[in-house]
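Listed in order, the protein sequences are those of chains Y and L. Each residue of the first sequence is one higher than the one before, starting from 0 at the first, in numbering that gives the first Met the number 0. Each residue of the second sequence is one higher than the one before, starting from 0 at the first, in numbering that gives the first Met the number 0.
Protein chains: 2
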Amino acid sequence: MPATQEQPSDEQRSPSRMEDVARCAGVSVITVSRVLREPEKVADVTRARVLSAIEAIGYVPNLIARSLKSRRSGIIAAVIPSVTHSIVAEVLRGMTEVLNEAGLHLLLADSGFSPQEEEALVAAFLARRPDAIYLTGTTHTPGTRKMLDAARIPVVEAGTLTDTPIDMVVGYSNFAAARAMTEALIASGRRNIGYVGQSGRDVIDRVRDRHAGHCAALRGARMGADERLQVEVDLSYRGGAAGLAQLLAREPALDAVFCTSDIIAIGVLFECQRRGLAVPARLAITGMDDQEIASQCVPALTTVRMPRYEMGRRAAAMLCRRLAGEKVDAAVVDLGFEVVMRQTS
Amino acid sequence: MPATQEQPSDEQRSPSRMEDVARCAGVSVITVSRVLREPEKVADVTRARVLSAIEAIGYVPNLIARSLKSRRSGIIAAVIPSVTHSIVAEVLRGMTEVLNEAGLHLLLADSGFSPQEEEALVAAFLARRPDAIYLTGTTHTPGTRKMLDAARIPVVEAGTLTDTPIDMVVGYSNFAAARAMTEALIASGRRNIGYVGQSGRDVIDRVRDRHAGHCAALRGARMGADERLQVEVDLSYRGGAAGLAQLLAREPALDAVFCTSDIIAIGVLFECQRRGLAVPARLAITGMDDQEIASQCVPALTTVRMPRYEMGRRAAAMLCRRLAGEKVDAAVVDLGFEVVMRQTS
DNA sequence: CGACGCGATGCTAACGTTACCATGCGGACA
DNA sequence: TGTCCGCATGGTAACGTTAGCATCGCGTCG
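1. What whole-angstrom Cβ distance do residue 259 of chain L and residue 206 of chain L have, given they're in contact under 8 Å?
2. Do you know whose CA, among Y:334, Y:319, Y:60 and Y:80, lies nearest residue 129 of chain Y's CA?
3. Let me make sure I understand the geometry here. Which of L:138, L:212, L:290 and L:34 has the alpha-carbon closest to that of residue 165 of chain L?
4. With respect to the beta strand (DSSP E) encompassing residue 193 of chain L, which residues constitute its N-terminal and C-terminal limits?
5. Taking the straight line between their C-alpha atoms, what separation do you get for residue 401 of chain Y and residue 293 of chain L?
6. Grouping DSSP H, G and I as helix and E and B as strand, with all else coil, what is residue 221 of chain L?
7. How big is the Cα-Cα spacing for residue 132 of chain Y and residue 105 of chain Y?
8. Give a yes or no on contact between the segment 285-292 of chain L and the segment 251-266 of chain L, applying the rule of three or more CB pairs nearer than 8 Å.
9. Using a Cβ cut-off of 8 Å, pull out every chain L residue sitting near residue 126 of chain Y, in sequence order please.
10. With the cut-off set at 8 Å, would you say residue 322 of chain Y and residue 153 of chain Y are in Cβ contact?
11. Contact defined as beta carbons within less than 8 Å: I believe residue 280 of chain Y pairs with residue 343 of chain Y. What is the distance between those atoms, to the nearest angstrom?
12. Indicate whether residue 143 of chain L and residue 116 of chain L have their beta-carbon atoms separated by less than 8 Å.
13. Which residues in chain Y sit within 7 Å of residue 269 of chain L, going by Cβ to Cβ distance?
14. Quick one: does residue 109 of chain L have its CB under 8 Å from some CB of chain Y?
15. In the DSSP assignment, find the unbroken beta strand (DSSP E) run with residue 31 of chain L in it and report its ends.
16. Could you name each continuous alpha helix (DSSP H) segment of 4 residues or more that falls completely within the segment 254-309 of chain Y, going from the start of the chain to the end?
17. Compare the beta carbon distance of residue 150 of chain Y and residue 134 of chain Y with 8 Å and say whether it is the shorter of the two.
18. Taking residue 236 of chain L as part of the alpha helix (DSSP H), name the residues at either end of that continuous run.
19. According to DSSP, what are the bridge partners of residue 152 of chain Y?
20. Between residue 199 of chain L and the rest of its own chain, which residues show a CB-CB distance below 7 Å, the 5 nearest in sequence each way excluded?
21. Under 8 Å, do residue 297 of chain Y and residue 272 of chain L count as touching if we go by C-beta distance?
22. Any residues in the segment 66-77 of chain L with a beta carbon nearer than 7 Å to a beta carbon of chain Y? Which ones, in chain order?
23. Between residue 160 of chain L and residue 328 of chain L, how many whole angstroms is the CB-CB distance? I'm expecting something under 8 Å.
24. Buried or exposed for residue 89 of chain L, please, with buried defined as at least 16 other CB atoms from any protein chain shown within 10 angstroms of its CB.
25. Taking Cβ to Cβ, would you say residue 15 of chain Y is nearer than 8 Å to residue 56 of chain Y?
26. Within 8 Å (strictly less), CB to CB, does residue 48 of chain Y reach chain L?
27. Comparing C-alpha positions only, which one of L:65, L:122 and L:45 sits nearest to residue 141 of chain L?
28. What is the DSSP secondary structure of residue 74 of chain Y, counted as helix, strand or coil?
29. Shorter than 8 Å from the beta carbon of residue 325 of chain L to some beta carbon of chain Y?
30. Give the DSSP bridge partners of residue 56 of chain Y, in chain order.
31. Once DSSP output is grouped into helix, strand and coil, what is the label at residue 323 of chain L?
32. At a cut of 8 Å, does the segment 210-220 of chain L reach the segment 239-255 of chain L through at least three beta carbon pairs?
33. Give the range of the alpha helix (DSSP H) segment to which residue 181 of chain Y is assigned.
34. Take residue 336 of chain Y and list the residues in its own chain whose beta-carbon comes closer than 8 Å to its own, dropping the five residues that flank it on each side.
35. Verify the CB distance criterion: does residue 272 of chain Y have a CB-CB separation below 8 Å to chain L?
36. I'd like the list of long-range same chain contacts for residue 331 of chain Y, defined as Cβ closer than 6 Å, with 5 residues on each side in sequence excluded.
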């Protein structure tokens, strides 16, 4: 009965451990551990022997055990408003590039623009003991702030600036950008300027600031911010189109539309094409964010460029520096913006 | 000297543990553990006492320790080709929705379309002992397959179908979709059909299959797949525009362009607008994926709809079922596609 | 009235790794 | 020749949790 002697079965019940490697290489487990983390502290011959044992066995270190003991998970948790927003994607690309170099991994979740959902996600993430946390925007529930204060880990908020970050913040002034864009529109002689913005001004600080900046520019030019000329829509091409339809119904003499995002602006542009409204002759359009489509559409879209990719890199870099024990020079980093005049205005 | 008695300092060195909660509630640690995981097994009074202790202390469970002991990390690792592709984003949205409901978290990284990079990421992720892995596409290095076989965890590949998945696969036939789209173009009477595809056919199976499907349709109609009418470009609006420029230079009689993605197709459309080419009268254009812009642009884009969001949900659901110990009915799930005829063809 | 079952709770020993301290050995120096 | 230093390696005890069994008390049934 050969079935009884299946002790050394090739069906090893679990992935191999350091102990297996140690036995195979004829050293102690701690030496294996050192080969992995501080190879220069191990003699060349020993190191080679251990490495070939690792190779032979196919050993994969268990970072969970390492995290538990070392109190360092190597994980950065990020809560973003919506993965489907291309704007967020570029920030993520910048972040992951920097994090990967540092050997850190990204735990990601999507709050759907809801601060309550964000709080729930932060709570769930903290249980995983991330080394740091990335949040989008600077508007968070008191519960979120409290948890993060108690967690005592680096936190970076990104996108909107604030003087009172939870810990660190990197972004740009959405207020100033929207004001500058609107001022440019006014300077070009437009007088009946409509506003088509993403809805959710009460919970999305980015949108709130952009709206406020737009209104400030109008008031600065003594034009008044007429609520009748402001509509809120979904952040989509369809939303932009619907927004223009509403505005034109309310004010046929409309001669410009300020949009809080390029997507919305392109939606407005498409609706103009459907209605046969000449852009910019009859109607000027401006977007924000300078996504790729802005430079490619016809006519090319006037917009404001935001350094999204750079923002992701900076945010990640700030976290990495803090994790390395270094002090970060400034807790508030303003990356600025740039108005890009093209053909729709 | 009051500084000496800082034993019970409020600067507790670490987040509280179950032991602290247990002491506060006057029970053993295992009871606390049970309140968190199997509350129905604890008497009502005891449970209430423990819960209020948790609340009072602000206890946050340590999932790292739980993972180590229970051999379940609650983490799903996903490697995607590029976060900046809106196509991927919808898949992610579907996935995270399902995963969140199941209490699972998503570890995310970006391979930049490189199988070697994917292999490195899979290796790094496996050290975190994810409960399951999600991969994009079905083309992977031998090293990746080997590691995943050894890891013995559920794996789902998504996007492209294959008869020999590593474990499970959910997707649609890019070959059939591209063939169907091209056949529709042929059926509408177009004869000089160009191809503008994303570059990287050798490593991106999705693109390879779409190219092959397109060629198959041409050959099926005895039209031949002329390489002179095929150009490869970046997956961007700019790429589409450049592609059209190249094609027209090579074949002025071009009367249709098949594109492997909506983004490229819209780029082609923009270039037509710049050149004053009437669409579809002078030139027909087709895309693939049915992103939002396809239905909104002017004229609206003929394309093929892929159930991306649904694919993310299904992939996650299959993983969840496997993690729950249930058998998954089919290892290969074909979600199909739908040709959507609009105005550009 | 004793045995038995069951619900509620607790104890002990891991999970796989690393922090901390210990040990042994060879060479430099007085 | 003895002392001391530094390098390479090892042993032990956690990190915070849960699996698996043990225990205790109470009610039920023959």
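Here a beta-carbon is modelled for each residue, glycine too, at the ideal position from N, C-alpha and C. All values derive from a computational prediction rather than experimental measurement.
Taking the coordinates as given:
1. Taking the first residue of the second sequence as position 1, residue 259 of chain L is located at position 260. Taking the first residue of the second sequence as position 1, residue 206 of chain L is located at position 207. Correct: roughly 6 Å between the Cβ atoms.
2. Taking the first sequence and counting its residues from 1, the one referred to as residue 129 of chain Y is at position 130. For residue 129 of chain Y, the nearest C-alpha among the options comes from Y:319.
3. In the second sequence, residue 165 of chain L corresponds to position 166, counting from 1. Comparing Cα positions, the closest option is L:138.
4. The residue labelled residue 193 of chain L in the question sits at position 194 within the second sequence. That run of the beta strand (DSSP E) goes 192-197.
5. Because chain Y here runs from 0 to 344, residue 401 of chain Y falls outside it and cannot be looked at.
6. The sequence position of residue 221 of chain L within the second sequence is 222, counting from 1. Looking at residue 221 of chain L - three-state DSSP - the assignment turns out to be coil, as it is neither helix nor strand.
7. Locating residue 132 of chain Y in the first sequence gives position 133, where the first residue counts as 1. Locating residue 105 of chain Y in the first sequence gives position 106, where the first residue counts as 1. Each residue's Cα considered, the two are about 10 Å apart.
8. yes
9. One-based indexing of the first sequence puts residue 126 of chain Y at position 127. Simply 59, 60, 61 and 62.
10. Position 323 of the first sequence, counted from the first residue, corresponds to residue 322 of chain Y. Position 154 of the first sequence, counted from the first residue, corresponds to residue 153 of chain Y. Yes, the Cβ-Cβ distance between residue 322 of chain Y and residue 153 of chain Y is below 8 Å.
11. Taking the first sequence and counting its residues from 1, one reaches residue 280 of chain Y at position 281. Taking the first sequence and counting its residues from 1, one reaches residue 343 of chain Y at position 344. Going by Cβ atoms, the distance from residue 280 of chain Y to residue 343 of chain Y rounds to 11 Å, so no, they are not a contact pair.
12. By 1-based counting over the second sequence, the position of residue 143 of chain L is 144. By 1-based counting over the second sequence, the position of residue 116 of chain L is 117. Taking 8 Å as the Cβ cut-off, residue 143 of chain L and residue 116 of chain L do not qualify as a contacting pair.
13. Here residue 269 of chain L refers to the residue found at position 270 when the second sequence is read from its first residue. By Cβ distance, chain Y contributes 295, 296 and 297.
14. The residue given as residue 109 of chain L occupies position 110 in the second sequence. At least one chain Y Cβ lies under 8 Å of residue 109 of chain L.
15. As a working mapping, residue 31 of chain L is identified with position 32 in the second sequence. Unbroken run through residue 31 of chain L is the alpha helix (DSSP H), 28-36; no beta strand (DSSP E).
16. 261-274 and 291-295
17. Taking the first residue of the first sequence as 1, we reach residue 150 of chain Y at position 151. Taking the first residue of the first sequence as 1, we reach residue 134 of chain Y at position 135. For residue 150 of chain Y and residue 134 of chain Y, no; Cβs fall outside 8 Å.
18. For this step, residue 236 of chain L is matched to residue 237 along the second sequence. Counting along the chain, the alpha helix (DSSP H) containing residue 236 of chain L begins and ends at 236-249.
19. Reading the first sequence from its first residue, position 153 is the one you call residue 152 of chain Y. Residue 152 of chain Y pairs with nothing; no bridge assigned.
20. The residue labelled residue 199 of chain L in the question sits at position 200 within the second sequence. So the list reads 112 and 206, once near-sequence residues are dropped.
21. Residue mapping note: residue 297 of chain Y aligns to position 298 of the first sequence, counting from 1. Residue mapping note: residue 272 of chain L aligns to position 273 of the second sequence, counting from 1. Result yes, Cβ atoms of residue 297 of chain Y and residue 272 of chain L sit closer than 8 Å.
22. 66, 67 and 72
23. Taking the second sequence and counting its residues from 1, one reaches residue 160 of chain L at position 161. Taking the second sequence and counting its residues from 1, one reaches residue 328 of chain L at position 329. The Cβ separation is near 16 Å, so there is no contact.
24. By one-based count along the second sequence, residue 89 of chain L stands at place 90. So residue 89 of chain L ends up on the buried side.
25. In the first sequence, counting from the first residue as 1, residue 15 of chain Y sits at position 16. In the first sequence, counting from the first residue as 1, residue 56 of chain Y sits at position 57. The answer is yes: Cβ separation under 8 Å.
26. The residue you call residue 48 of chain Y lines up with position 49 of the first sequence. No, its Cβ sits nowhere closer than 8 Å to a Cβ of chain L.
27. The residue given as residue 141 of chain L occupies position 142 in the second sequence. Selected option, being the one with the closest Cα: L:122.
28. Locating residue 74 of chain Y in the first sequence gives position 75, counting from the first residue. Strand.
29. The count along the second sequence starts at 1 and reaches residue 325 of chain L at position 326. Answer no: the Cβ-Cβ gap between residue 325 of chain L and chain Y never drops below 8 Å.
30. Taking the first sequence and counting its residues from 1, the one referred to as residue 56 of chain Y is at position 57. Bridge partners of residue 56 of chain Y: none, in fact.
31. For this step, residue 323 of chain L is matched to residue 324 along the second sequence. DSSP places residue 323 of chain L in coil when its eight states are reduced to three.
32. no
33. Sequence index remark: in the first sequence, residue 181 of chain Y carries index 182 (1-based). From DSSP, the alpha helix (DSSP H) with residue 181 of chain Y extends over 173-186.
34. Within the first sequence, numbered from 1, the residue matching residue 336 of chain Y stands at position 337. Excluding sequence neighbours, residue 336 of chain Y sits near 171, 172, 175, 176, 179, 303, 304, 305 and 306.
35. Residue mapping note: residue 272 of chain Y aligns to position 273 of the first sequence, counting from 1. It does; some Cβ of chain L falls within 8 Å.
36. Translated into the one-based positions of the first sequence, residue 331 of chain Y becomes position 332. So the qualifying residues of the chain are 168.
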